[in-house]
Amino acid sequence: MALTFNPIPASYRRLSDDELTERIRRKKQASGDKLVILTHHYQRKEVAALGDYIGDSYALSKIASELEAEIIVFCGVHFMAEAADILSTDKQTVYLPNPLAGCPMADMAAITNVMHAWDQLKELLPDTKIIPIAYMNTAADLKAFCGRNDGLICTSSNATGAFRWGLERGDKVFFYPDEHLGRNTANKLAIPENEIAVWDYRLRRLGGNTPEKIKNAKVIIWKGYCHVHTTFTPEHVQRMREKFPDVKVVVHPECPQEVVKLADADGSTAFIVKYVEEAEPGATIAIGTEINLVDRLAHENPDKKIMELSGNTCAMCVNMYRTTLNDLAWCLENLDDIRPIEVRPEIKEEARLSLSRMLEVPR
Ligand code: 13P
Ligand code: SF4
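If you read the sequence shown in the working numbering, its first letter stands for residue 49, the second for the next number, and so on.
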């Protein structure tokens, strides 16, 4: 069902799922190689089923950089479609079927706040080389900021490699916007707690740190978070282990470090999919990530017991969920009238530079 505030025409909202699916299939068939649909792992299962490619944010950006199709329809959130536009050629056009699909975590790092922080860091440490690293979950202007300041982009699948890359080229790494991915990555690199500073962007001076703290830090991390992954707690892991002694717990690294430390494994959405697929039949697996992916994995792996880790919270990304069959059908049938995702030309080159560096870094 379409969300009531979705601005697509009422005629699309009245169609059944079967009718919508049929129309989408027909449009895809008629378009042949000209059109490709990319879907992120968190999409609703009926949308995910219609994609030509499904993947995590790293894989989809890599695919977008290699595609030849003229039209790329990205069923995901805004920053992902922007990355596809940056990495594709000027002859290709990228569409986001529901323009309201954003990412609240990405919105926690605005360019003005990041530049304010950067200026303070430069003033405090004029002779220190700081490498900015932006999570894929950022707007294009923040990716461009990394490009022009010798930095790069990372996703949850290559953050360790990106931090290593940054620390080989600079004295410090400045990572935004996810505190938890930042901390979990610093932990994997065995960076001690006293060399990690968290920058609270709501505070006026040094993100709430003393000059000494910033000077000693190897890694400076923005205080952003994902509202989906921060619902998971250590108690959820403990309860699962009490109830199911054989359970394996796998979580996304946007979860707090206390959860990641108790889990058996952590990794990107593609990592989680692989973890489940490779588990022995009969395995019991509790997953700390978005509910639509967990439900799909449970459905696709009936020989395993697949559960959402908390069991009682609503770990749903409403932004990923915004894209419905109605949106997809409307988008495909009205490509000439819909405004595509277009990153401003003046920042595109620098943003592409930082994404290209990411694609070259060993994972
Ligand atoms: P992946 O890069 O693992 O696909 O995750 C993207 C995301 O937004 C997770 O919340
Ligand atoms: Fe953003 Fe979290 Fe949704 Fe991922 S799950 S798109 S980080 S809000």
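By construction, the Cβ of each residue, glycine as well, lies at the ideal position given by its N, Cα and C atoms. Quantities reported herein were computed from a predicted structural model and do not represent experimental measurements.
Contact check between the region 99-118 and the region 351-370: fewer than three CB pairs, one atom from each, fall below 8 angstroms, which does not count as touching. Just so you know, the alpha carbons of Pro-350 and Ile-395 end up roughly 47 angstroms apart. Counting the other CB atoms within 10 Å of its CB gives Pro-301 a total of 16 or more, which places it among the buried residues.
In this structure the region 316-327 touches the region 291-300; the number of beta carbon pairs closer than 8 angstroms is three or more. Distances from the CA of Leu-144 to each of Leu-376, Val-391 and Ala-331 were compared; the closest alpha carbon is that of Leu-376. In this structure, the CA atom of Phe-292 is about 13 angstroms from the CA atom of Ser-358. Contact between Asn-206 and Gln-305 fails: their C-beta atoms lie close to 19 angstroms from each other, not under 8 angstroms.
Going by beta carbons, Tyr-273 and Ala-165 fall outside the 8 angstroms limit. One thing to note: Phe-127 has its Cβ no nearer than 8 angstroms to the Cβ of Leu-86. Taking 3 residues as the shortest admissible run, the region 157-188 contains the following complete beta strand (DSSP E) segments, listed from N- to C-terminal end: 178-183. Rounded to the nearest angstrom, the Cβ distance from Lys-261 to Ala-245 is 5 angstroms, consistent with a contact under 8 angstroms. Look at Leu-237 here: in three-state DSSP terms it is coil, with no helix or strand label. Boundaries of the alpha helix (DSSP H) around His-126: 126-135. Only residues of its own chain outside the window of five on either side were considered, and among them Pro-152 have a CB closer than 7 angstroms to the CB of His-275, listed in chain order. Residue pairing of Leu-401 in beta bridges, as defined by DSSP: absent, with no partner found. Taken through DSSP and simplified to helix, strand or coil, Phe-280 comes out as coil.
Partner residues in a beta bridge of Thr-371, as assigned by DSSP, do not exist. Taking one beta carbon from each stretch, the region 214-232 and the region 177-194 have 3 or more pairs nearer than 8 angstroms; the two touch.
Judged by DSSP in its simplified three-state form, Lys-296 adopts strand.
Close CB contacts of Asp-189 within its chain, under the 7 angstroms cut and outside five residues either way in sequence, are with Ile-159 and Ile-395 (chain order).
The beta carbon of Glu-398 sits closer than 7 angstroms to those of Ala-192, Gly-195 and Arg-196, all from its chain and outside the five residues before and after it, given in chain order. Taking 7 angstroms as the cut-off, one finds no heavy atom of the ligand SF4 near enough to the beta carbon of His-126. Here the C-alpha atom of Gln-91 lies approximately 27 angstroms from the C-alpha atom of Lys-309. For Asp-104, the Cβ falls inside the 7 angstroms cut-off from some heavy atom of the ligand 13P. Cβ neighbours of Ala-78 within its own chain (closer than 7 angstroms, five residues either side excluded): none. The Cβ-Cβ distance between Ile-389 and Asp-133 falls below 8 angstroms.
In this model, Asn-242 and Asp-219 are separated by some 15 angstroms (Cα to Cα).
A distance criterion of 7 angstroms places the beta-carbon of Val-276 in contact range of the ligand SF4, judged by its closest non-hydrogen atom. Within its own chain, the residues whose Cβ lies closer than 7 angstroms to the Cβ of Glu-227, once the five positions on either side in sequence are excluded, are Val-246, Ile-269, Trp-270, Lys-271, Gly-272 and Tyr-273, listed in chain order.
With a threshold of 7 angstroms, the Cβ atom of Met-153 counts as near the ligand SF4, since some heavy atom of the ligand is closer than that.
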